[in-house]
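Engineer: Please read through the structure below; I'll follow up with questions.
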Amino acid sequence: MFSVKMALQSILREKWINFLTMATLGVLLFIFFAILLVLYNVERLTSKIPSKLSSLVVLKDDASKEEIAAVESEAKRSKLVKTVDFISKEAAMEDLKKVFKSDDFILKGFGENPLFNSFEIKFKSDEDVKTSDIKALISKLKTHRAVDDVEFGQAQMESLSALKHGVRTIGVTLSTTFACAVVFISYTTVKILFYRRKEEIEIYKLLGATRGFIRLPFFLEGAIVGFCGGLSGAVMLQVLNKITLSKLTAEIPLFAVVNIPFTVFLLFPVIGLMLGLGGAVLAVGRVRY
Amino acid sequence: MFSVKMALQSILREKWINFLTMATLGVLLFIFFAILLVLYNVERLTSKIPSKLSSLVVLKDDASKEEIAAVESEAKRSKLVKTVDFISKEAAMEDLKKVFKSDDFILKGFGENPLFNSFEIKFKSDEDVKTSDIKALISKLKTHRAVDDVEFGQAQMESLSALKHGVRTIGVTLSTTFACAVVFISYTTVKILFYRRKEEIEIYKLLGATRGFIRLPFFLEGAIVGFCGGLSGAVMLQVLNKITLSKLTAEIPLFAVVNIPFTVFLLFPVIGLMLGLGGAVLAVGRVRY
Amino acid sequence: MIVLDKASKYYDAQAALKNVSFSIKKGELAFVTGPSGAGKTTLFKLLYLAETPDDGTITIAGFNTSNLKEATIPFLRRNIGVVFQDFKLLNNKTVFDNIALTLRIRGIMERETKERVHSVLKLVNLRHKSDKYPATLSGGEQQRITLARAIVGEPTVMLADEPTGNLDAENEDNIMKIFKYINNKGTTILIATHNRSLFTNTGKRVFYLDEGTLAKEEIA
Amino acid sequence: MIVLDKASKYYDAQAALKNVSFSIKKGELAFVTGPSGAGKTTLFKLLYLAETPDDGTITIAGFNTSNLKEATIPFLRRNIGVVFQDFKLLNNKTVFDNIALTLRIRGIMERETKERVHSVLKLVNLRHKSDKYPATLSGGEQQRITLARAIVGEPTVMLADEPTGNLDAENEDNIMKIFKYINNKGTTILIATHNRSLFTNTGKRVFYLDEGTLAKEEIA
Ligand SMILES: Nc1ncnc2c1ncn2[C@@H]1O[C@H](COP(=O)(O)OP(=O)(O)OP(=O)(O)O)[C@@H](O)[C@H]1O
Ligand SMILES: Nc1ncnc2c1ncn2[C@@H]1O[C@H](COP(=O)(O)OP(=O)(O)OP(=O)(O)O)[C@@H](O)[C@H]1O
Ligand SMILES: [Mg+2]
Ligand SMILES: [Mg+2]
Chain A
40 MFSVKMALQS
50 ILREKWINFL
60 TMATLGVLLF
70 IFFAILLVLY
80 NVERLTSKIP
90 SKLSSLVVLK
100 DDASKEEIAA
110 VESEAKRSKL
120 VKTVDFISKE
130 AAMEDLKKVF
140 KSDDFILKGF
150 GENPLFNSFE
160 IKFKSDEDVK
170 TSDIKALISK
180 LKTHRAVDDV
190 EFGQAQMESL
200 SALKHGVRTI
210 GVTLSTTFAC
220 AVVFISYTTV
230 KILFYRRKEE
240 IEIYKLLGAT
250 RGFIRLPFFL
260 EGAIVGFCGG
270 LSGAVMLQVL
280 NKITLSKLTA
290 EIPLFAVVNI
300 PFTVFLLFPV
310 IGLMLGLGGA
320 VLAVGRVRY
Chain B
40 MFSVKMALQS
50 ILREKWINFL
60 TMATLGVLLF
70 IFFAILLVLY
80 NVERLTSKIP
90 SKLSSLVVLK
100 DDASKEEIAA
110 VESEAKRSKL
120 VKTVDFISKE
130 AAMEDLKKVF
140 KSDDFILKGF
150 GENPLFNSFE
160 IKFKSDEDVK
170 TSDIKALISK
180 LKTHRAVDDV
190 EFGQAQMESL
200 SALKHGVRTI
210 GVTLSTTFAC
220 AVVFISYTTV
230 KILFYRRKEE
240 IEIYKLLGAT
250 RGFIRLPFFL
260 EGAIVGFCGG
270 LSGAVMLQVL
280 NKITLSKLTA
290 EIPLFAVVNI
300 PFTVFLLFPV
310 IGLMLGLGGA
320 VLAVGRVRY
Chain C
20 MIVLDKASKY
30 YDAQAALKNV
40 SFSIKKGELA
50 FVTGPSGAGK
60 TTLFKLLYLA
70 ETPDDGTITI
80 AGFNTSNLKE
90 ATIPFLRRNI
100 GVVFQDFKLL
110 NNKTVFDNIA
120 LTLRIRGIME
130 RETKERVHSV
140 LKLVNLRHKS
150 DKYPATLSGG
160 EQQRITLARA
170 IVGEPTVMLA
180 DEPTGNLDAE
190 NEDNIMKIFK
200 YINNKGTTIL
210 IATHNRSLFT
220 NTGKRVFYLD
230 EGTLAKEEIA
Chain D
20 MIVLDKASKY
30 YDAQAALKNV
40 SFSIKKGELA
50 FVTGPSGAGK
60 TTLFKLLYLA
70 ETPDDGTITI
80 AGFNTSNLKE
90 ATIPFLRRNI
100 GVVFQDFKLL
110 NNKTVFDNIA
120 LTLRIRGIME
130 RETKERVHSV
140 LKLVNLRHKS
150 DKYPATLSGG
160 EQQRITLARA
170 IVGEPTVMLA
180 DEPTGNLDAE
190 NEDNIMKIFK
200 YINNKGTTIL
210 IATHNRSLFT
220 NTGKRVFYLD
230 EGTLAKEEIA
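Residue numbers (this note's numbering), protein chains in the order written: chain A, 40 to 328; chain B, 40 to 328; chain C, 20 to 239; chain D, 20 to 239.
Written out as structure tokens, the structure is:
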């Protein structure tokens with residue numbers, strides 16, 4: 040079609056400036072996705088941190104089986120709880136022996152096992168598990184006759200959930216700000232690219248061109264520039280991925296878990312195209328006669 | 040001076056396009072510093088993680104004072120070591136009592152203290168402390184007659200230093216990439232801004248203007264646009280700081296530690312100015328007659 | 020074909036055109052003259068709707084410009100061929116593409132476009148400049164390209180603003196011949212010029228503008 | 020003042036100017052004429068060094084353009100006032116600033132600049148357009164602004180390319196009077212024009228260019 044030819048001609052005519060615009064869009068998208076990937080992978084890494092939220096419910100030595108079962112079912116009913124494990128005093132002794140390692144002769148000195156039966160409760164690590172809720176559950180459990188005491192690593196729990204929350208908040212803030220910036224800069228770049236064309240559009244109008252005829256080549260040009268920009272961004276990301284990340288993984292096995300979903304590379308040109316097209320639509324604006 | 044007047048006039052004449060350029064520079068600088076700040080604060084946060092690199096040197100019960108002192112001085116001589124603390128078997132017992140908390144009656148069952156004297160060695164947490172060096176030191180210590188065994192949390196140590204190293208590598212890669220991108224986009228924006236001025240420069244030349252006369256207003260314009268861009272970036276960062284961060288701090292006390300050094304705000308306009316000026320210098324290029 | 024009824028145009032309270040009324044019949048060839056700044060170009064701008072009159076009404080090629088829907092403006096303009104005083108050529112397109120644009124806008128097939136563009140280029144003696152860019156042409160060459168662009172669409176009305184300002188006597192004659200030729204084929208033509216020799220002894224009507232008012236109208 | 024010795028200029032193997040030799044004495048007023056595309060503007064471009072000759076040498080205002088250091092070009096140009104065929108006005112500056120630029124470039128004080136700009140504006144009858152932008156002026160007004168800019172620097176050589184193409188007879192006379200006046204004060208002037216009436220019966224030398232060669236030289 041003629042519009043396509045015109046758009047391509049126009050891009051070729053002003054190679055340099057179009058190249059700059061494409062490169063700008065590419066770099067922007069690249070950075071945007073790089074940020075998103077870092078956030079995505081930080082999220083993945085933090086989710087691999089084993090859930091450390093657990094409590095130890097110490098049971099009285101003289102508690103009956105029924106009383107103990109009541110405590111267990113109370114704990115299991117709660118939505119906050121992931122697992123409830125019964126640890127007999129014998130099992131606890133085995134654990135203690137591990138602490139003293141080869142020196143378990145120390146413990147052999149005991150006549151009777153001096154330890155106690157207990158439940159280890161592991162809580163869910165979702166961010167909607169609130170410390171206050173857990174505290175409420177704990178005081179409930181304490182009312183049971185069978186329960187001697189409940190130990191709960193509160194400080195630990197709070198700092199961990201705060202960290203996760205913080206990472207998430209920073210992530211959302213950063214990527215939102217960034218998305219706005221990318222859209223804005225894309226718009227600006229395309230706008231500046233078309234700013235010089237006012238006169239051209241003026242002449243088109245005077246020759247009797249309809250709105251569609253005037254705008255189509257500009258839209259196509261914006262779309263093509265955006266598409267190519269996105270493509271170049273994808274290439275940059277791939278290069279970063281191959282060079283930096285593979286080096287990093289070789290050095291630090293932890294990073295082997297970092298993952299770039301393939302769809303991202305398909306997204307690049309699409310988002311680039313949309314940015315370029317959107318920028319062109321806004322830049323050309325409403326054509327008035 | 041006349042050049043200043045001309046630059047100002049030129050900026051005012053093309054308010055819209057200059058505004059876009061300023062805003063673009065502002066947003067870029069803002070993002071750049073936001074990233075740097077995140078990295079800076081992540082660095083600060085990780086450096087607050089207490090050094091967990093320690094070893095326990097278990098001493099034989101029959102070791103003489105001299106032999107023990109030899110071990111201590113050997114450990115202290117190493118550049119890797121931060122502190123060496125002697126823990127007598129009595130102190131170790133106290134610690135053990137703490138583990139059993141209120142249930143210390145268990146331990147009272149022992150006749151003689153079954154524990155041992157030991158040294159706790161804390162290693163420096165610099166990234167130039169290598170696991171291999173620490174292992175070498177440990178095998179050296181094991182050759183002492185007084186030493187029974189050395190316990191060392193190797194896995195823990197490796198994952199922590201890897202994490203720190205990873206954060207640092209990501210940080211450097213990200214901020215370098217970003218710095219390049221900021222410079223590139225600034226250049227592009229300013230270049231596009233001046234692209235339309237070719238004709239203007241041509242006319243200046245034909246009227247007999249010297250190189251300096253032609254270039255000065257452009258440089259001034261670039262500098263002013265860059266300066267204002269930097270200023271607007273500083274304002275954005277301040278807004279983010281006041282709104283987002285203060286909210287975040289209220290919610291998660293951990294973030295109280297986040298800090299924006301004041302000099303950053305002074306840096307903004309300066310860097311903006313340099314970017315604008317540099318862009319203008321490159322954009323105008325060498326004036327030939 | 021063209022009717023002006025008390026048309027006025029003000030630029031910041033300064034009248035560029037004041038109460039101008041005249042009418043030109045279909046197929047007529049007429050001239051507008053007057054000193055620099057008299058309002059000739061402004062009059063043309065009103066006719067091809069680059070400006071709207073502040074007062075009065077204008078009818079051209081059957082369209083009444085006062086109650087025109089915006090969407091019909093392009094179609095009005097396709098009926099009017101304009102030789103712009105400042106050429107208004109697109110510097111990023113070749114001579115061929117500049118002229119072809121007029122036809123491409125109308126959706127005319129590429130084959131026909133090629134033929135028609137080449138024939139008008141021959142008419143203004145610039146067939147050999149077809150692939151050049153406007154900036155590499157001499158002033159007179161650019162002016163002739165503008166004329167070629169105006170006539171390639173075979174408009175019903177032709178407005179020529181100072182079409183020979185950059186042309187020598189020989190080219191001037193050639194261009195007047197072109198005007199007469201297309202006028203004979205039925206095109207209504209209005210020519211704005213300072214060059215009295217263009218209209219002396221033609222027997223055509225000449226409108227004299229002075230400071231925005233129609234000072235006199237006479238047969239040359 | 021101006022000496023051309025076998026000057027030639029080629030654009031893609033096509034000669035725009037071929038072996039042109041002539042010389043113009045200090046204080047002389049001469050004309051260049053010839054059909055559209057003959058090479059008049061190209062000749063001027065060589066004289067004010069917008070183009071370098073592919074062959075031959077050119078001497079103007081005491082400078083030999085073949086062995087000129089780049090840094091002295093601006094100073095050569097300050098001695099030459101040019102009326103450009105395509106005006107070359109800055110659209111983002113007012114009429115006043117456009118003209119004043121010539122003086123500001125030379126570092127002339129603002130007070131003197133103001134006086135001189137206003138006096139040349141009066142000379143071309145556009146004192147009242149001082150604060151307008153070029154795009155809002157009529158074609159003839161723009162042309163006169165270009166002339167005003169060329170003379171405000173009191174150049175030793177004046178090159179006027181088609182200076183009356185957009186002007187009516189009255190303005191034309193006025194401009195020729197200005198040329199004669201500054202010529203009498205000692206400025207060497209070369210005028211390129213299609214308009215024979217400008218030079219007929221002036222008794223000045225006229226150079227006829229045709230397809231880039233100097234076809235003839237005669238006293239009008
Ligand atoms: N956009 C504008 N804004 C302000 N004044 C304008 C504008 N356009 C034209 N004028 C003024 O209106 C008057 C008439 O201008 P116009 O271009 O119609 O003159 P003209 O007859 O074509 O002159 P010329 O023969 O020199 O081309 C002039 O004084 C001009 O300065
Ligand atoms: N930059 C250029 N590149 C290629 N060809 C050019 C260039 N400049 C001028 N020419 C060609 O050189 C020839 C002479 O051009 P020039 O502008 O000197 O003519 P002129 O005598 O001034 O004509 P006019 O009276 O129409 O202004 C023309 O055919 C023109 O197309
Ligand atoms: Mg006019
Ligand atoms: Mg010329």
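Just so it is clear, CB atoms sit at the ideal spot from N, CA and C, and this is done for glycine as well. These numbers were taken from a predicted model, which means no experiment stands behind them.
Can you check DSSP and say which residues form a bridge with residue 117 of chain B?
Structural biologist: For residue 117 of chain B, which the question treats as bridged, DSSP gives no partner whatsoever.
Engineer: Taking all protein chains shown into account, decide if residue 89 of chain A is buried (16 or more other Cβ within 10 angstroms of its Cβ) or exposed.
Structural biologist: With a pLDDT of 42 at residue 89 of chain A, under the threshold of 50, the modelled position of that residue is not reliable, and the figure given next carries that caveat. Its Cβ having fewer than 16 others within 10 Å, residue 89 of chain A is exposed.
Engineer: Using a C-beta cutoff of 9 Å, does residue 112 of chain D count as contacting chain C?
Structural biologist: It does not; no Cβ of chain C falls within 9 Å.
Engineer: Given a threshold of 16 other Cβ atoms within 10 Å of its Cβ, counted over all protein chains shown, does residue 267 of chain B qualify as buried or as exposed?
Structural biologist: Residue 267 of chain B is buried by the Cβ-count criterion.
Engineer: Determine, for residue 54 of chain C, whether the minimum Cβ-Cβ distance to residues of chain A falls below 9 Å.
Structural biologist: Not an interface residue.
Engineer: Give me the Cβ distance between residue 133 of chain B and residue 185 of chain B, rounded to the nearest whole Å; I'm assuming they're in contact under 8 Å.
Structural biologist: Between residue 185 of chain B and residue 133 of chain B the Cβ distance is about 23 Å, and since that is not below 8 Å, they are no contact.
Engineer: Are residue 229 of chain A and residue 60 of chain A touching if we call contact CB-CB under 9 Å?
Structural biologist: Yes, Cβ-Cβ distance for residue 229 of chain A and residue 60 of chain A is below 9 Å.
Engineer: What are the boundary residues of the beta strand (DSSP E) that includes residue 104 of chain D?
Structural biologist: Segment: none, residue 104 of chain D is in no beta strand (DSSP E) and carries neither H nor E.
Engineer: Name the residue from B:271, B:72, B:70 and B:161 whose alpha carbon lies nearest to the alpha carbon of residue 122 of chain B.
Structural biologist: Checked all of B:271, B:72, B:70 and B:161; the closest Cα to residue 122 of chain B is B:161.
Engineer: At a threshold of 8 Å, does residue 181 of chain D count as lining ligand 3 (C-beta to nearest heavy atom)?
Structural biologist: Because no heavy atom of ligand 3 lies under 8 Å away, the Cβ of residue 181 of chain D does not count as near it: no.
Engineer: Could you work out which residue in B:73, B:65 and B:319 is closest to residue 214 of chain A when comparing CA atoms only?
Structural biologist: Considering only alpha carbons, the answer is B:73.
Engineer: Mind listing, in chain order, the continuous alpha helix (DSSP H) runs of no fewer than 4 residues lying wholly within the stretch 248-282 of chain A?
Structural biologist: Complete alpha helix (DSSP H) runs here, min 4: 250-279.
Engineer: For the beta strand (DSSP E) containing residue 30 of chain C, list its first residue and its last residue.
Structural biologist: Counting along the chain, the beta strand (DSSP E) containing residue 30 of chain C begins and ends at 21-30.
Engineer: Going straight from the alpha carbon of residue 23 of chain D to that of residue 74 of chain D, what length do you get?
Structural biologist: If I take the Cα positions, the gap works out to 11 Å.
Engineer: Would the stretch 97-113 of chain D count as touching the stretch 174-185 of chain D if we require 3 or more Cβ pairs under 8 Å?
Structural biologist: Flag = yes, the stretch 97-113 of chain D and the stretch 174-185 of chain D touch.
Engineer: Mind checking residue 200 of chain D: buried by the 16 CB within 10 Å criterion, or exposed?
Structural biologist: Exposed is the call here.
Engineer: Write down the C-beta distance between residue 180 of chain A and residue 120 of chain A rounded to the nearest angstrom, noting that I regard them as a contact closer than 8 Å.
Structural biologist: With 8 Å as the limit, residue 180 of chain A and residue 120 of chain A do not qualify as a contact, their Cβ atoms being about 11 Å apart.
Engineer: Work out the CA separation of residue 27 of chain C and residue 237 of chain C for me, nearest whole Å.
Structural biologist: Approximately 22 Å between the Cα atoms of the pair.
Engineer: For chain B, check one thing: does any of its Cβ atoms lie closer than 9 Å to the Cβ of residue 130 of chain A?
Structural biologist: No, residue 130 of chain A lies away from the interface with chain B (no Cβ there is under 9 Å from its Cβ).
Engineer: In the DSSP output, which residue or residues are listed as bridge partners for residue 177 of chain D?
Structural biologist: D:100 and D:208.
Engineer: Closer than 9 Å, Cβ to any Cβ of chain B: which residues of the stretch 211-223 of chain A, in chain order?
Structural biologist: Residues passing the 9 Å Cβ filter: 212, 213, 216, 217, 219, 220 and 223.
Engineer: Taking residue 142 of chain D and residue 164 of chain D to be in contact with their CB atoms under 8 Å, please state how far apart those CB atoms are, rounded to whole angstroms.
Structural biologist: Going by Cβ atoms, the distance from residue 142 of chain D to residue 164 of chain D rounds to 11 Å, so no, they are not a contact pair.
Engineer: Can you pull the DSSP bridge partners for residue 124 of chain A?
Structural biologist: A:159, per the DSSP bridge assignment.
Engineer: Residues of chain D with CB under 7 Å from residue 260 of chain B, in chain order?
Structural biologist: Within chain D, no residue comes near residue 260 of chain B; the closest Cβ sits about 12 Å away, beyond 7 Å.
Engineer: Taking only the alpha-carbon atoms, compute the straight-line gap between residue 308 of chain B and residue 265 of chain B and give it to the nearest angstrom.
Structural biologist: Approximately 7 Å, taken between the alpha carbons.
Engineer: Does residue 147 of chain D pass the burial test, meaning 16 or more other C-beta atoms within 10 Å, or should it be called exposed?
Structural biologist: Result: exposed.
Engineer: Using a Cβ cut-off of 9 Å (strictly closer), state whether residue 85 of chain D contacts chain C.
Structural biologist: False, the Cβ-Cβ gap to chain C never drops below 9 Å.
Engineer: Using a Cβ cut-off of 9 Å (strictly closer), state whether residue 187 of chain D contacts chain C.
Structural biologist: Taking Cβ atoms only, chain C reaches closer than 9 Å to residue 187 of chain D, which makes this a yes.
Engineer: Report the rounded CA-to-CA distance for residue 231 of chain C versus residue 31 of chain C, giving the unit in angstroms.
Structural biologist: Approximately 14 Å, taken between the alpha carbons.
Engineer: Which chain D residues sit within Cβ distance under 9 Å of residue 165 of chain C?
Structural biologist: Under the 9 Å cutoff, chain D gives no residues; its nearest Cβ is about 13 Å from residue 165 of chain C.
Engineer: At the 9 Å Cβ level, is residue 226 of chain C part of the contact set with chain A, yes or no?
Structural biologist: Not one chain A Cβ lies under 9 Å of residue 226 of chain C.
Engineer: When DSSP builds the beta bridges, which residues end up paired with residue 236 of chain C?
Structural biologist: C:226.
Engineer: Shorter than 9 Å from the beta carbon of residue 307 of chain A to some beta carbon of chain B?
Structural biologist: For residue 307 of chain A, the answer is no, since every Cβ of chain B falls outside 9 Å of its Cβ.
Engineer: Quick check on residue 35 of chain C: does DSSP put it in helix, strand or coil?
Structural biologist: The answer is strand: DSSP assigns residue 35 of chain C an E or B state.
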